[in-house]
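Residues in the sequence shown are numbered consecutively from 1, following the working numbering.
A virtual CB, placed ideally from N, CA and C, is assigned to each residue, including glycine.
None of these values were measured; they are calculated from a predicted model.
Report on the following structure.
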Amino acid sequence: MKENKKIKIGVLGAANIALRSFVPELKILNNNFDFVGIASRRNPEQVSFEGKVFKGYESILDKSVLDAIYIPLPNALHFEWVKKSLQKGLHVLVEKSLACNEQEVIELNKIARNSNLVLVENFQFRFHSQLNAILKILDKGTIGDLRIIRSTFCFPPFPDKENIRYNNSLGGGALLDAGAYPLKLSQILMGNNIYVSSAVLNKKEGFDVDIWGGAFLQQNNGNLFSQIAFGFDNYYQCNLEVIGSKGKLYSNRIFTAKSGFQPVVNLETNQDGLREIQLKEDNHFRNMLLYFYDLITGIRDKNQEYLDNINQSRLLNEIKIKSNE
């Protein structure tokens with residue numbers, strides 16, 4: 001594709017995240033994307049959306065209509081509809097988690113590779129300038145050699161027990177929903193040569209999914225380790241702490257720094273003491289869409305996404321295995 005080509009894109013499912021965040025950003029990025037519409041299993045008149053609504057998911061999966069599709073469906077539906085989308089020749093941006101198990105991810109990745117299609121598992125925090133600022137601080141050696149990483153993503157119970165996150169048949173559970181975030185962050189900070197040495201997944205009476213848990217990850221050479229915690233029945237936490245040989249770094253909104261919010265990173269070193277670094281606001285959703293565009297048009301290499309997809313699914317599987325030991 002030529003760099004200036006507008007990508008025809010649609011949405012599979014009328015999820016809140018699509019209606020409130022994805023579609024408005026697409027309309028702003030109208031030099032890059034041509035938004036075609038949303039496909040829903042509901043009748044079009046039941047969807048609160050000013051735009052074209054396709055009746056049924058299959059109806060929008062047409063290469064003559066689309067170049068790419070965004071899939072914000074429940075986790076258990078990802079494998080089926082990502083696979084169908086790839087088989088129709090469409091590039092895919094899918095909400096985390098990409099699929100419910102490692103074998104499904106391997107199969108989807110293979111289809112995407114063989115068809116030269118983009119397959120991105122969406123973690124918006126990857127595209128916020130806060131993460132770039134943190135990586136620059138660490139790369140400069142400001143806190144010395146890295147020793148310990150701690151990241152936490154926890155929130156209070158959902159008021160509705162019918163929430164899909166509590167539904168095992170829809171791929172619910174804290175690991176795939178919340179735990180995937182600190183796990184992804186651990187890969188970004190430590191690289192892909194890591195493994196899960198221990199893990200715990202806890203259930204709660206009245207629920208058939210894991211409600212909270214944690215894991216301990218190590219680099220293969222043993223030089224660096226990461227502790228992650230996550231859950232649906234916890235005090236709200238959205239933190240990153242990195243401890244080095246000469247100092248430490250801390251952020252309390254690492255995963256959810258929405259548009260208009262100015263993140264603060266606390267940096268403490270032996271030499272300079274405690275400093276508060278005020279960062280600029282950013283729009284990670286818009287940045288994510290521009291990244292997806294660059295992958296489709298060949299400005300960026302999509303092969304790293306294939307590798308990251310496999311490693312994320314491998315580590316999720318290792319957490320499940322270790323939690324049963």
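Proximity to residue i [Cα-Cα], best of the options
{"i": "residue 283", "options": "80, 70, 126", "result": "126"}
{"i": "residue 193", "options": "204, 129, 222", "result": "222"}
{"i": "residue 176", "options": "118, 140, 74", "result": "74"}
{"i": "residue 189", "options": "230, 197, 132, 204", "result": "132"}
{"i": "residue 142", "options": "92, 245, 34, 287", "result": "245"}
{"i": "residue 100", "options": "59, 53, 154, 170", "result": "170"}
{"i": "residue 63", "options": "76, 78, 257, 92", "result": "92"}
{"i": "residue 154", "options": "160, 55, 181", "result": "181"}
{"i": "residue 29", "options": "288, 139, 17, 278", "result": "288"}
{"i": "residue 88", "options": "32, 57, 144", "result": "57"}
{"i": "residue 116", "options": "321, 291, 297", "result": "297"}
{"i": "residue 18", "options": "31, 37, 6, 32", "result": "37"}
{"i": "residue 140", "options": "293, 247, 300", "result": "247"}
{"i": "residue 4", "options": "15, 21, 33", "result": "33"}
{"i": "residue 321", "options": "207, 216, 292, 224", "result": "216"}
{"i": "residue 128", "options": "291, 317, 149, 12", "result": "291"}
{"i": "residue 162", "options": "237, 206, 42", "result": "206"}
Cutoff 6 angstroms; reference residue i; Cβ partners in own chain excluding five residues on either side
{"i": "residue 240", "result": "151, 251, 254"}
{"i": "residue 302", "result": "118, 295"}
{"i": "residue 259", "result": "283"}
{"i": "residue 229", "result": "152, 214"}
{"i": "residue 60", "result": "10, 39, 54"}
{"i": "residue 313", "result": "102, 105"}
{"i": "residue 178", "result": "153, 230"}
{"i": "residue 111", "result": "86"}
{"i": "residue 130", "result": "257, 263, 279"}
{"i": "residue 220", "result": "193"}
{"i": "residue 235", "result": "none"}
{"i": "residue 265", "result": "251, 277"}
Whether residue i touches residue j by CB criterion (7 angstroms)
{"i": "residue 201", "j": "residue 323", "result": "yes"}
{"i": "residue 10", "j": "residue 71", "result": "no"}
{"i": "residue 319", "j": "residue 199", "result": "yes"}
{"i": "residue 124", "j": "residue 285", "result": "yes"}
{"i": "residue 274", "j": "residue 268", "result": "yes"}
{"i": "residue 186", "j": "residue 226", "result": "yes"}
{"i": "residue 78", "j": "residue 65", "result": "no"}
{"i": "residue 7", "j": "residue 147", "result": "no"}
{"i": "residue 249", "j": "residue 263", "result": "no"}
{"i": "residue 83", "j": "residue 121", "result": "no"}
DSSP state of residue i mapped onto helix, strand, coil
{"i": "residue 253", "result": "coil"}
{"i": "residue 76", "result": "helix"}
{"i": "residue 104", "result": "helix"}
{"i": "residue 128", "result": "coil"}
{"i": "residue 202", "result": "strand"}
{"i": "residue 326", "result": "With the chain covering 1 to 325 only, the question about residue 326 has no answer from this structure."}
{"i": "residue 23", "result": "helix"}
{"i": "residue 151", "result": "strand"}
{"i": "residue 171", "result": "coil"}
{"i": "residue 97", "result": "coil"}
{"i": "residue 55", "result": "strand"}
{"i": "residue 178", "result": "helix"}
{"i": "residue 324", "result": "coil"}
{"i": "residue 192", "result": "coil"}
{"i": "residue 133", "result": "helix"}
{"i": "residue 82", "result": "helix"}
{"i": "residue 186", "result": "helix"}
{"i": "residue 2", "result": "Confidence in residue 2 is poor, its pLDDT being 48 and thus under 50, which makes the residue's placement too unreliable to answer from."}
{"i": "residue 121", "result": "strand"}
{"i": "residue 34", "result": "strand"}
Spatial neighbours of residue i in its chain, beta-carbon cut-off 8 angstroms, leaving aside the 5 residues before and after
{"i": "residue 109", "result": "119, 306, 309, 310"}
{"i": "residue 209", "result": "165, 166, 167, 168, 172, 173, 174, 203"}
{"i": "residue 328", "result": "Residue numbering for the chain in the displayed model covers 1 to 325; residue 328 lies beyond these limits and cannot be assessed."}
Contacting residues, own chain, Cβ-Cβ under 7 angstroms from residue i (five flanking each side not counted)
{"i": "residue 211", "result": "174, 202, 203, 204, 231, 232, 233"}
{"i": "residue 145", "result": "244, 245"}
What runs of the beta strand (DSSP E), each 3 residues or longer, lie entirely inside the stretch 215-301?
-> 225-231, 237-244, 247-251, 264-269, 273-278
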